[in-house]
Each structure stands twice: as C-alpha cells, then as structure tokens.
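Working notes, beginning with the structure itself.
Below is the structure:
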C-alpha cells in the first residue's frame, strides 16, 4: 500500500461523495457534515493565508538581504507595502473601514489595477494585428468576419446602414452560437468525466502521479 | 465499459498536437539554455473552475517530470494560496522521482506572486521579461490576464501552448499560442500524457458521452420541429 497516494485518494473520495450527496439529497446529517467540511476548508485557507504572509517575509526578506538578484528592489517594495497596509489597518483600529486605509487602497492599489486592466486594449490590438492577416483562405474568412463584427459594433455604421446590424446578429446567432454550444457541451462533459475520475481515484495527476 | 476496453488495449485515441508539443517545448528550452514556464491559472479548488485547475496540475506534474529529466529549469508562478502547496508538492515529487530534488528551489521556481488578478499578471509579465523563457505552457482557468500572458511570451519568442475551458479566453490563446487545447481537450490532458490504457479508456468514454449528447440534440431538434416536446419537457423536470 502506497500511503502517500492512497490516503489523499481516500480523503478525496470521501469528501467528494459527501459533496455530491449534499447537492442531490436533503438529508440533514449530510448537510451538517458537509457544512463542517466547508468550515474546515475556510479554516485551512485562513491558515494558508497566514503561512503565505510568513513565507513572503522569508522569501523576499532573503532576497533583500542578499541583493544578488536584479529584481531584489521589487521584493523590498513588496515588503514595504505589506507592512504599510498591515500597520495602517491595525493602527487605526478600524481595519479596512478606516479612512487612511481606504486612501492608500484607492490612491495606490486601485490606479495600478485600473492601469493594468486598461493596458488590455493594447494587448488586444497586438493580438488582432497578428491574427487578422489574410494569409490563407481561413485567415481571410476570419478577417472578413472580424471586420463585419467591428462595423456592426460601431454605432455609426448600423445607424446609417441597418444591414450591418443584421449581419452582425447573423454572425453571432447561427454561426457563433452553434460553435459556442458545441464547445460548451464538450467542456461540460469533459469536466464531469474528470470529476468522476478524480472521485474514484483514476485521475492522480494532481497528486504528482500522472 | 470504456475503461475495461482501455485495459484490454482496444481503444485508440487521436493525437492531440498541443500535448505532443510539450516535450518539444522542454527540449527546445534545454537546447536554448532558457527556462520553461508552466502557469496553471488563478483558480482554486473550491469554485466551479476546480476541474480546470486539476487538469492544469496534471500537466504541471508531466512538465515538471520532463524538466527534471531533461534538465530544463521550470518556473510555475502561483496565485492561489490553496493551490500553491499542492503545486509545490507535485513539482517536488517529480524532481524526487527523477532523483534531482537538489536541483529544485521551490521558493524561486514556484513563487507566490499575488492572489489579485493584475498584480499576479504583472508579476508574471515581469518574470517573463527578465528570464526570457523558451517555452510557456498555460493550462487551467484564465481570465483577462490570458491575453497579457500570451502577448508577452509571444513577444519574447517563447513557444506557447494555451489551454482553457473558459470560452472567452480561447480566442486569445488561439490568436497568439502555437498550440491550443480547446475546451474539453484540456480535461483529457492528464490521461493523454499518462499513456495509461485505463485512463485512455476514460477519454473514449468522454467522446461517447459527446456522441450521445449529439444524438440527443439531433433527436430533440427533429422532435421539436415536428411539434413533439417530450425531450424538452423531460429536461425541464
């Protein structure tokens, strides 16, 4: 018996069966058991978060003290921000509801997130440039379709020539929906089969045994 | 039944170029003396994308074994606190099995970057720009960051395999990756790379279910056209 493999598989099976029973049945004992398991999960995640913070200090503190990597200053910045957020949150006694905490969150964190999100436009432009080149018949079809969708999505064109709106709707309807549903059915079945395989111990890749 | 047939070696499945290319990516990285990235996404084990995360971890297991065996340096940046220890254990196990555990530095090669989407994304983009990997394998649940990753790794000349079951991200991978696993192909990945006949049988079962869904779809369309709504009524029940 391989305990390193069999014990996690047994736990996966047991928890998985309880989760499935909880979803499909209304037995109070099953619901209560699964609630306890979910609470364990929450506690474990909280511990993982705490361990993560300790781990961050250890890993990045080492990088800052050694200063051998070219990106060590990022480690320093990360630790500084980590300490700043914790000190401000705990120092005010109001945690994330305090004005100071909200300020550093809104003034530092939010703009950075928004900037990264906005930069997606440029990434998409690059991707479009790379894909939308009529190198062969299929690429030419994709190019024509993309142009028609862009025109259909730009208000001035459908407002002037309603046919562009109808073309866009036709592309999204019979063509895209058909392909989309086909892939969705495959994804659904694939996920169910993988779930069953994981439950019965056939899928062991997540244990490092493929 | 499919698993039994698989055990008897009666089932053959089609090639999946995206999965066959993993070995090529690792080999290319060894030749170029540059690292390989394996990104499993920012999914967790407790949401509806858990199966995608598990599929990504199966591939991570395969990739880390190949990296340990062939001598390529692997980087697998993490975004989830619950996936990180599992990923670290998987990679450690692979290196241990290949007798090269001393070559693995988990803290450097599997760094926890952030649980926040764009902080994690910018961390990976920065790592990619500095380390200039020769290959990138992205299999798992991805959101808007998929385009950022695909574009960044494409720009630095990395060979890429992308795979996700999140519909809105598949086109981004298709645009910029060398190989794409579309939809359910990623769920078959673990079984496919294992080469285990028993697991290959399960992939066949997946295809049989799809054929059954197709047959039901056609039957439902024909019956609905004829005004018979029995299948629709059954599904609503």
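Residue numbers (our numbering), protein chains in the order written: chain A, 206 to 415; chain B, 131 to 367.
Just so it is clear, CB atoms sit at the ideal spot from N, CA and C, and this is done for glycine as well.
Contacts of residue i in chain A (Cβ-Cβ under 9 Å)
| i | result |
| --- | --- |
| residue 251 of chain B | 321 |
| residue 278 of chain B | 321, 324, 325 and 328 |
| residue 167 of chain B | Simply none; closest approach about 16 Å. |
| residue 320 of chain B | 399, 402, 408, 409, 410, 411 and 415 |
| residue 108 of chain B | An answer regarding residue 108 of chain B cannot be provided, because it is not within the stretch 131 to 367 covered by chain B. |
Where residue i falls: helix, strand or coil (DSSP)
| i | result |
| --- | --- |
| residue 347 of chain B | helix |
| residue 208 of chain B | strand |
| residue 247 of chain B | helix |
| residue 360 of chain B | helix |
| residue 179 of chain B | coil |
| residue 266 of chain B | strand |
| residue 355 of chain B | helix |
| residue 298 of chain B | coil |
| residue 370 of chain A | helix |
| residue 392 of chain A | helix |
| residue 173 of chain B | coil |
| residue 277 of chain B | helix |
| residue 291 of chain B | strand |
| residue 232 of chain A | coil |
| residue 348 of chain A | helix |
| residue 312 of chain B | strand |
| residue 317 of chain B | coil |
| residue 168 of chain B | strand |
Contact set between residue i and chain B, taken where Cβ atoms lie within less than 9 Å
| i | result |
| --- | --- |
| residue 296 of chain A | Ordered by position in chain B, no residue passes the 9 Å Cβ test against residue 296 of chain A, which lies about 23 Å from the chain. |
| residue 378 of chain A | Correct list: empty, because the minimum Cβ distance to chain B is about 16 Å. |
| residue 264 of chain A | 237, 238, 241 and 242 |
| residue 257 of chain A | 211, 214, 242 and 245 |
| residue 224 of chain A | Going along chain B, no residue has its Cβ under 9 Å from residue 224 of chain A, so there is no contact; the nearest lies around 10 Å. |
| residue 261 of chain A | 242 |
7 Å Cβ cut-off: residues of chain A touching residue i
| i | result |
| --- | --- |
| residue 187 of chain B | 410 and 411 |
| residue 159 of chain B | Per Cβ cutoff of 7 Å: no residues; residue 159 of chain B is ~19 Å from chain A at best. |
| residue 314 of chain B | 391, 392, 394 and 395 |
| residue 336 of chain B | 394, 395 and 398 |
| residue 292 of chain B | Result: empty, since nearest Cβ-Cβ is about 12 Å, beyond 7 Å. |
| residue 317 of chain B | 395, 396, 398 and 399 |
Same chain, Cβ closer than 6 Å to residue i, five either side skipped, listed in chain order
| i | result |
| --- | --- |
| residue 228 of chain B | 198 and 199 |
| residue 169 of chain B | 268 |
| residue 265 of chain A | 280, 283 and 284 |
| residue 77 of chain B | No statement about residue 77 of chain B is possible, as the shown extent of chain B runs from 131 to 367 and does not include it. |
| residue 306 of chain A | 293 and 294 |
| residue 302 of chain B | 276, 277 and 280 |
Residues that residue i contacts on chain A, provided the C-beta gap is smaller than 8 Å
| i | result |
| --- | --- |
| residue 329 of chain B | 402, 407 and 408 |
| residue 138 of chain B | Simply none; closest approach about 16 Å. |
| residue 248 of chain B | 317, 318, 321 and 322 |
| residue 106 of chain B | This structure gives no information on residue 106 of chain B, because the portion of chain B shown stretches from 131 to 367. |
| residue 340 of chain B | 390, 391 and 394 |
| residue 281 of chain B | 328, 331 and 332 |
| residue 229 of chain B | The contacting residues do not exist; residue 229 of chain B stays about 15 Å from chain A at best. |
Same chain, Cβ closer than 7 Å to residue i, neighbours up to 5 away in sequence not counted
| i | result |
| --- | --- |
| residue 253 of chain B | 207, 243 and 244 |
| residue 224 of chain A | 239 |
| residue 395 of chain B | As displayed, chain B neither begins before 131 nor continues past 367, which places residue 395 of chain B out of reach and without an answer. |
8 Å CB neighbourhood of residue i in its chain, flanking five on each side removed
| i | result |
| --- | --- |
| residue 218 of chain A | 404, 405 and 406 |
| residue 152 of chain B | 189, 192, 193, 196, 267, 291 and 323 |
| residue 139 of chain B | 327 |
| residue 373 of chain A | 353, 354, 356, 357, 358 and 363 |
Amino acids of chain B, ordered along the chain, whose beta-carbon sits closer than 7 Å to that of residue i
| i | result |
| --- | --- |
| residue 177 of chain A | An answer regarding residue 177 of chain A cannot be provided, because it is not within the stretch 206 to 415 covered by chain A. |
| residue 385 of chain A | 297 |
Contacts of residue i in chain B (Cβ-Cβ under 8 Å)
| i | result |
| --- | --- |
| residue 307 of chain A | Per Cβ cutoff of 8 Å: no residues; residue 307 of chain A is ~17 Å from chain B at best. |
| residue 254 of chain A | 211 |
Residues of the segment 310–340 of chain A whose Cβ lies closer than 8 Å to any Cβ of chain B, in chain order:
317, 318, 321, 322, 324, 325, 328, 329, 331, 332, 333, 335 and 336
Three or more C-beta pairs below 8 Å linking the segment 262–270 of chain B and the segment 285–305 of chain B
yes
Counting beta carbon pairs with one atom in the segment 343–355 of chain B and one in the segment 323–330 of chain B, are three or more of them shorter than 8 Å?
no
Of the residues that make up the segment 296–308 of chain B, which ones have a beta carbon closer than 7 Å to any beta carbon in chain A?
297, 302, 305 and 306
Which residues of the segment 176–208 of chain B have a Cβ closer than 7 Å to any Cβ of chain A? Give them in chain order.
176, 181, 184, 185, 187, 188, 191 and 192
Of the residues that make up the segment 393–406 of chain A, which ones have a beta carbon closer than 7 Å to any beta carbon in chain B?
394, 395, 396, 398, 399, 400, 402 and 403
Do three or more CB pairs link the segment 202–214 of chain B to the segment 133–147 of chain B at distances below 8 Å?
no
Stretch-stretch touch, CB-based, cutoff 8 Å, three pairs: the segment 299–315 of chain B with the segment 272–289 of chain B:
yes
Three or more C-beta pairs closer than 8 Å, one from the segment 370–379 of chain A and one from the segment 150–164 of chain B: is that the case here?
no
Are at least three pairs of beta-carbons, each pair with one atom in the segment 277–284 of chain B and one in the segment 218–225 of chain B, less than 8 Å apart?
no
When you check each C-beta in the segment 348–371 of chain A against every C-beta of chain B, which residues fall closer than 8 Å?
none
Contact residues within the segment 227–249 of chain A, judged by C-beta distance below 7 Å to chain B:
246
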